[in-house]
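J.: Going down the list, the protein sequences come from chains A and B.
The first sequence lines up with residues 370 to 481 when you count with the numbering used here.
The second sequence lines up with residues 161 to 272 when you count with the numbering used here.
Ideal Cβ positions, reconstructed from N, Cα and C, are used throughout, including at glycine.
All figures in this text were calculated on a predicted structure; none of them were measured in a lab.
I have a structure I would like to understand better, so I am pasting it below and will then ask my questions one at a time.
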Amino acid sequence: EAGVVQSPRYKIIEKKQPVAFWCNPISGHNTLYWYLQNLGQGPELLIRYENEEAVDDSQLPKDRFSAERLKGVDSTLKIQPAELGDSAVYLCASSSGQDEQYFGPGTRLTVT
Amino acid sequence: GENVEQHPSTLSVQEGDSAVIKCTYSDSASNYFPWYKQELGKGPQLIIDIRSNVGEKKDQRIAVTLNKTAKHFSLHITETQPEDSAVYFCAASRSPSYIPTFGRGTSLIVHP
């Protein structure tokens, strides 16, 4: 069974440009998470979805970040406009019911 | 909110030695304590977890202990091998699918 799939794996953009990340969770997993991981730190939650509903987005900087999970499967995270401080790894994870979370490989974003 | 402290930040051992990583947490409502291994360019992978109704859990060369009274838990790796080299994260949450709070990570280096 395929794990959590993320694309692209790497992205380099100039500041003020928009960028989007895509995540395909494990089949059947109703909960989807987006995390931000800065260098040398643990992941920090940006947003959590239960099916298509965002149930926890308190840590998402809504002035420039947006996310959607149409049809409760794939999800997209967008940044517009990107800032230098957004350079990080963006991780997607999914889980089913009360089971543990499974992480994808992440997208490494570099903003120049 | 929850606060997780992890020590040491870097751990260097010789192949065959044991490695111990320690974490403390602050929220007494936390009941689930997973440990993740993250290799370069990959997302965190769950290697072992423990719940608050258990004091110790072992899986081959890996063991985790939990002291709920003192609010600390530890990861023990015996007979370390070079392929154990990675960054290890502890985390604490109220359930496996709930939002975990991660420690800052321990970079384990196993020298052949």
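Please report how far the alpha carbon of E216 of chain B lies from the alpha carbon of I208 of chain B, in whole angstroms.
T.: Sequence index remark: in the second sequence, residue 216 of chain B carries index 56 (1-based). Sequence index remark: in the second sequence, residue 208 of chain B carries index 48 (1-based). Rounded to the nearest angstrom, the two C-alpha atoms are 11 Å apart.
J.: Could you list which residues in chain A have their beta carbon closer than 8 Å to that of R264 of chain B, in chain order?
T.: The residue given as residue 264 of chain B occupies position 104 in the second sequence. The contacting residues are G409, Q410 and G411.
J.: Assuming the contact rule is C-beta atoms closer than 8 Å, L460 of chain A and G441 of chain A should be a hit. Round their C-beta distance to whole Å, please.
T.: Counted from its first residue, the first sequence places residue 460 of chain A at position 91. Counted from its first residue, the first sequence places residue 441 of chain A at position 72. The pair is not a contact, with the Cβ atoms about 20 Å apart (cut-off 8 Å).
J.: Got a sec: is the Cβ-Cβ distance from F193 of chain B to anything in chain A below 7 Å?
T.: As a first step, residue 193 of chain B is located in the second sequence; it is residue number 33 there, counting from the start. It does not; no Cβ of chain A falls within 7 Å.
J.: Residues in its own chain within less than 6 Å of P194 of chain B by CB, not counting five upstream and five downstream?
T.: Position 34 of the second sequence, counted from the start, is the residue given in the question as residue 194 of chain B. Result list for P194 of chain B: L206, D209 and A251, in chain order.
J.: Taking one C-beta from the region 228 to 239 of chain B and one from the region 178 to 194 of chain B each time, how about it: are there three or more such pairs within less than 8 Å?
T.: Touching, per the Cβ criterion.
J.: Once the 5 residues before and after A457 of chain A are set aside, which same chain residues still bring their CB inside 7 Å of it?
T.: As a first step, residue 457 of chain A is located in the first sequence; it is residue number 88 there, counting from the start. Taken in chain order, the residues that qualify are L405, Q406, N407 and L478.
J.: Please report the residue range of the beta strand (DSSP E) in which T266 of chain B lies.
T.: In the second sequence, residue 266 of chain B corresponds to position 106, counting from 1. It spans T266 to H271 - the beta strand (DSSP E) in which T266 of chain B sits, taken as one unbroken run.
J.: Just the chain B side, please: which residues come within less than 9 Å of D426 of chain A by C-beta, in chain order?
T.: One-based indexing of the first sequence puts residue 426 of chain A at position 57. By Cβ distance, chain B contributes nothing, its closest Cβ being about 11 Å from D426 of chain A, past 9 Å.
J.: Would you mind working out which of A:P430, A:D443 and A:L439 sits nearest S396 of chain A, comparing C-alpha positions?
T.: As a first step, residue 396 of chain A is located in the first sequence; it is residue number 27 there, counting from the start. When only C-alpha atoms are compared, the closest one is A:D443.
J.: Is there at least one Cβ from chain A nearer than 7 Å to S253 of chain B's Cβ?
T.: To locate residue 253 of chain B, count along the second sequence from 1; it is residue 93. For S253 of chain B, the answer is no, since every Cβ of chain A falls outside 7 Å of its Cβ.
J.: Here's the rule: buried if 16 or more other CB atoms are within 10 angstroms of the residue's CB, otherwise exposed. What is L268 of chain B?
T.: If you number the second sequence from 1, residue 268 of chain B lands on position 108. So L268 of chain B ends up on the buried side.
J.: Leaving out five residues before and five after R378 of chain A in sequence, what residues of the same chain have Cβ atoms less than 8 Å from its Cβ?
T.: Translated into the one-based positions of the first sequence, residue 378 of chain A becomes position 9. Contacts found: P474, G475, T476 and R477.
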